[in-house]
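Numbering (the working numbering), first residue to last: 128 to 405. For glycine and all other residues, C-beta sits at the position ideal for the given N, C-alpha and C. Everything numeric in this text was worked out from a predicted model, so none of it was measured.
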């Protein structure tokens, strides 16, 4: 089978399985398997594929047809212009989360360039690693309850050559000391909404990183209350939130003595980040 024939077959299978953008996805998969550039493909599309590569390519295509996320198949996702390894133990970094990172970076650069930062529920480490990369004078710690996620985060810190340290912790249980900033993208999907999510998310991304309990607000309540003991005076707490959670999360912050509370919207105009100062 030639490169072109393999791509056409993969695209047809993806389309039949209901995968959108099948032409682009068939390319991303062949790029990942064969490690080839588009210019190489255009010059060699009528050449025969290596049989091992052909099998690997069609195997990945079949997994994508079963709605396994493309990023888990290629093993990587870009975030803030940086490469991040991903697998089934971590959420796939999303562009919406860059709003949280950009707000954190703006505060750090303008007000506290040498701050100590805690990235709670770090997952792949994309938030903390990005902050450390863009604010090199900060000291960033990432924490997660999942040991498997922390292995991914440690790999990503090494890959991006930043000195982020990591702690295995159920929220603040193993966290000592105080920080100038705490950032978090905690689980915030209400339990009864999980079944309505896209199959790529519902069936493949880690449930522990998605499920925010009955109303989706469980972790915001806990983190806000417990953060008080771990924030320096004048320290900031920043969250990524669901589009309809700004009022509730802002209320939790007010209850626990935060001020300068601000809601930031994403590029789609939806509420995406809540920040407050202790």
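message: Going by the DSSP bridge assignment, what does residue 210 pair with across the sheet?
response: BP columns for residue 210 point to 205.
task: Examine the Cβ distances between the region 339-357 and the region 259-276 and report whether three or more of them are shorter than 8 Å.
output: The region 259-276 and the region 339-357 do not touch, with fewer than three beta-carbon pairs separated by less than 8 Å.
- prompt: Under 8 Å between the Cβ atoms of residue 306 and residue 383?
  reply: Cβ atoms of residue 306 and residue 383: not closer than 8 Å.
- prompt: Once you ignore the five residues that flank residue 129 on each side, which residues in its own chain have a CB closer than 7 Å to its CB?
  reply: Result list for residue 129: 172, 173, 174, 175, 176, in chain order.
message: Taking the alpha carbon of residue 68 as the reference point, which residue from 178, 290, 294 has its own alpha carbon closest?
response: With the chain covering only 128 through 405, there is no way to say anything about residue 68.
- request: Grab the span of the beta strand (DSSP E) containing residue 295 for me, first residue to last.
  value: Element bounds for residue 295: 292-295.
- prompt: Skipping 5 residues on each side, what residues in its chain have a beta carbon closer than 8 Å to that of residue 212?
  reply: Closer than 8 Å at Cβ, skipping near neighbours: 202, 203, 251, 279, 282, 283, 286.
message: In the DSSP output, which residue or residues are listed as bridge partners for residue 363?
response: According to DSSP, residue 363 bridges with 308, 404.
query: Measuring CB to CB, does residue 311 end up less than 8 Å from residue 366?
result: Their beta carbons are under 8 Å apart, which means residue 311 touches residue 366 by this criterion.
task: Between the Cα of residue 209 and those of 253, 360, 274, spot the shortest distance and give me the residue it belongs to.
output: Of the candidates 253, 360, 274, the one whose C-alpha sits nearest the C-alpha of residue 209 is 253.
- prompt: Can you tell which of 248, 303, 331, 270 has the C-alpha that lies nearest to the C-alpha of residue 315?
  reply: Comparing alpha-carbon positions, the option among 248, 303, 331, 270 lying closest to residue 315 turns out to be 248.
query: Rounded to a whole number of angstroms, what is the C-alpha to C-alpha distance between residue 394 and residue 223?
result: Using only the alpha carbons, I get a separation of about 8 Å.
Nearest candidate by alpha-carbon position, reference residue 182, set 276, 404, 161: Closest option to residue 182, Cα to Cα, is 161.
- request: Mind checking which residues open and close the alpha helix (DSSP H) that includes residue 245?
  value: Residue 245 -> not in any alpha helix (DSSP H); beta strand (DSSP E) instead, spanning 243-247.
field: residue 355 burial status per 10 Å Cβ neighbour count (16 or more: buried)
entry: Exposed.
- request: In the DSSP assignment, find the alpha helix (DSSP H) that holds residue 237 and state where it starts and stops.
  value: In the DSSP annotation of this structure, the continuous segment of the alpha helix (DSSP H) that includes residue 237 starts and ends at 224-238.
- request: Work out the CA separation of residue 379 and residue 352 for me, nearest whole Å.
  value: Here the C-alpha atom of residue 352 lies approximately 8 Å from the C-alpha atom of residue 379.
- prompt: In whole angstroms, what is the alpha-carbon distance linking residue 198 and residue 229?
  reply: So the two alpha carbons sit approximately 23 Å from each other.
Residue 256 and residue 226 closer than 8 Å at C-beta: The Cβ atoms of residue 256 and residue 226 do not sit closer than 8 Å to each other.
message: On the DSSP bridge list, what partners appear for residue 270?
response: In the DSSP output, where bridge partners are listed per residue, residue 270 has 247, 294.
message: Suppose you measure from the CA of residue 191 to the CA of residue 338; what does that come to, to the nearest Å?
response: Here the C-alpha atom of residue 191 lies approximately 24 Å from the C-alpha atom of residue 338.
message: On the DSSP letters alone, give me the boundaries of the alpha helix (DSSP H) that residue 142 sits inside.
response: Segment 130-143, the alpha helix (DSSP H) holding residue 142.
message: Comparing C-alpha positions only, which one of 369, 334, 178 sits nearest to residue 342?
response: Shortest Cα-Cα distance from residue 342 to any of 369, 334, 178 involves 369.
query: How many Å lie between residue 330 and residue 195 at the Cα?
result: Cα to Cα, residue 330 sits roughly 8 Å from residue 195.
message: Spatial neighbours of residue 406 within its chain, please: C-beta separation below 6 Å, excluding the five flanking residues on both sides.
response: No information on residue 406 is available, as it lies outside the stretch 128 to 405 that the chain covers here.
Coarse secondary structure for residue 329, derived from DSSP in three states: Correct three-state label for residue 329: helix.
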